[in-house]
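So the number in my numbering is just where the residue sits in the sequence shown, counting from 1, plus 560.
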Amino acid sequence: MVKQSQGQSRIGQRLTQWGLGMVTALGLGTISSLLNPAQAQFIITLPDGTRCEGQFSGYNGNGICQYSDGYYRGDIRNGRRHGRGVFYYYDAETSNENFQTIYEGEFQNGLPHGRGKFIYGNDNRYDGEVRNGLPNGTGLFTFRTRNPTMEVGDIGDPYLVGINWNQPEYASRYYGGVKDGLPSGRGSMVYGACRDYNGDLRCARHDGLFRDGVPHGQGTYTSNNCAMRNGRLECIRFSGNFWSGHPNGTGTLSFPNGTTCQGQFNDITMSGRANCSFANGDRYTGELRLGVPHGIGRMRYANGRVYEGEFQLGSPTPRIIREPEQPETPGRLPQLPR
561 MVKQSQGQSR IGQRLTQWGL GMVTALGLGT ISSLLNPAQA QFIITLPDGT RCEGQFSGYN
621 GNGICQYSDG YYRGDIRNGR RHGRGVFYYY DAETSNENFQ TIYEGEFQNG LPHGRGKFIY
681 GNDNRYDGEV RNGLPNGTGL FTFRTRNPTM EVGDIGDPYL VGINWNQPEY ASRYYGGVKD
741 GLPSGRGSMV YGACRDYNGD LRCARHDGLF RDGVPHGQGT YTSNNCAMRN GRLECIRFSG
801 NFWSGHPNGT GTLSFPNGTT CQGQFNDITM SGRANCSFAN GDRYTGELRL GVPHGIGRMR
861 YANGRVYEGE FQLGSPTPRI IREPEQPETP GRLPQLPR
């Protein structure tokens, strides 16, 4: 049975009471675009029992529908959400008094599908391709919550610098492949941790492969710890293999001062074994921790002196195993015995 009513619908009144003026600030439209008080509203019941109010011909049209998990405003085809619309998902933890997630975009057979935008309860956002109700394909994520990233600090000049992981306070942005609602495939993540170098803003970022929302596979992480070198602003960088968000496997760690380490890196502590070359001509082969010589290794200094033994956070213990070979002094040939 179809009923006709004038003015704002009961569902519309409920939406207004719940403060959907917030939707305007989020860029999803205004209440006037959701409801048209001057137009007659029809009430229908869809085959699944859902009540809708709007302009319908049978089970096709456009209106506002109340579902068990939220409210929908948009196109209905054959009794299902299909076309363009906006869905306001309930927050189950607050007994349906607030909306947890808002989706605006294309629907197909009742689910978000096509291109659309998600605004989540924690203010994280997604804009891009959607399949079967979740972000899938290619899209742009903006994360307002705290995301892990590498932060770098000097712990032993002229050796390497240590790498730690912190939690930035500001928004991070990801653009690239998406699978089942998470960054997956090839993409770029620009983290919220940024530094201003005399007007040149540098943000930590990762470019490469992602899986389940974190770097996984080959990629390049560029920190926001930078310095001028040969007239250019250079930043600490790791290029290599990542596993579940952390460096793991073969890679190259490079620094603005010209230091480069190539080898095997195990985890977020940047531990492993590598061959390192320094701008001053020193060369090191051995174990690393926090990106600096730590453990057993061999340092050949530019002056020819060689140290083989134990290092602690970039510094050798006070024991030299080999001294540099002394060059011969030119002079007369030795006298043969008579």
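No residue lacks a Cβ here, since even glycine has one placed at the ideal position from N, Cα and C.
Assignment of residue 635 by DSSP, reduced to helix, strand and coil, places it in the strand class.
For residue 614, the closest of 633, 830 and 690 by C-alpha to C-alpha distance is 633.
Uninterrupted beta strand (DSSP E) stretches at least 3 residues long and entirely within the segment 644 to 696 occur at 659 to 668, 671 to 679 and 685 to 691, given in chain order. The C-beta distance from residue 769 to residue 745 rounds to 7 Å, short enough to meet the 8 Å contact threshold. Judged by DSSP in its simplified three-state form, residue 816 adopts coil rather than helix or strand. A Cβ-Cβ contact shorter than 8 Å links residue 832 with residue 825. Considered as a whole, the segment 795 to 857 harbours 806 to 814, 820 to 825, 832 to 837 and 843 to 849 as its complete beta strand (DSSP E) runs of no fewer than 3 residues, in chain order.
Contact check for residue 763 against residue 750 passes: the beta carbons are separated by less than 8 Å. Going by beta carbons, residue 700 and residue 735 fall inside the 8 Å limit. Contact between the segment 787 to 796 and the segment 808 to 816 is present: 3 or more CB-CB pairs across the two stretches fall below 8 Å. In its chain, beyond the 5 residues on either side, 835, 857 and 858 have a beta carbon closer than 7 Å to the beta carbon of residue 845. Assignment of residue 760 by DSSP, reduced to helix, strand and coil, places it in the strand class.
Taking the Cα of residue 617 as reference, the smallest distance to any Cα among 602, 609 and 871 is reached at 602.
Our two residues, residue 663 and residue 643, have alpha carbons roughly 13 Å apart in a direct line. The three-state secondary structure of residue 765, taken from DSSP, is strand. Going by DSSP, residue 863 is part of no beta strand (DSSP E) at all; its letter is neither H nor E. Under the 10 Å beta carbon count, residue 788 is surrounded by fewer than 16 other beta carbons and is classified as exposed. Residue burial is scored here from C-beta neighbours: residue 607 has fewer than 16 other C-beta atoms within 10 angstroms and is therefore classed as exposed.
Straight through space, the alpha carbons of residue 830 and residue 851 are spaced by roughly 5 Å. Comparing alpha carbon positions, the residue from 747, 786 and 740 closest to residue 758 is 786.
The C-beta of residue 669 has fewer than 16 other C-beta atoms within 10 Å across all chains shown, which makes the residue exposed. Burial check for residue 840: the Cβ neighbour count within 10 Å stays below 16, so the residue is exposed. For residue 827, the CB contacts under 8 Å within the same chain, skipping 5 residues up- and downstream, are 806, 807 and 808 in chain order. For residue 738, the closest alpha carbon among the candidates 755, 689, 784 and 767 is that of 689. Among the bridge pairs identified by DSSP, residue 775 is matched with 770. Counting other Cβ atoms within 10 Å of its Cβ, residue 862 stays below 16 and is therefore classed as exposed. Excluding the 5 residues flanking it on each side, residue 754 has same chain C-beta neighbours closer than 7 Å at 761, 762, 763 and 784, in chain order. Your pair residue 820 and residue 812 checks out as a contact, with CB atoms roughly 7 Å apart and the cut at 8 Å. For residue 611, the enclosing beta strand (DSSP E) starts and ends at 611 to 617.
According to the DSSP secondary-structure assignment, residue 605 is paired through a beta bridge with 611.
Close CB contacts of residue 605 within its chain, under the 7 Å cut and outside five residues either way in sequence, are with 611 (chain order). Annotated as distal: residue 671 and residue 741, with beta-carbon spacing of 8 Å or more.
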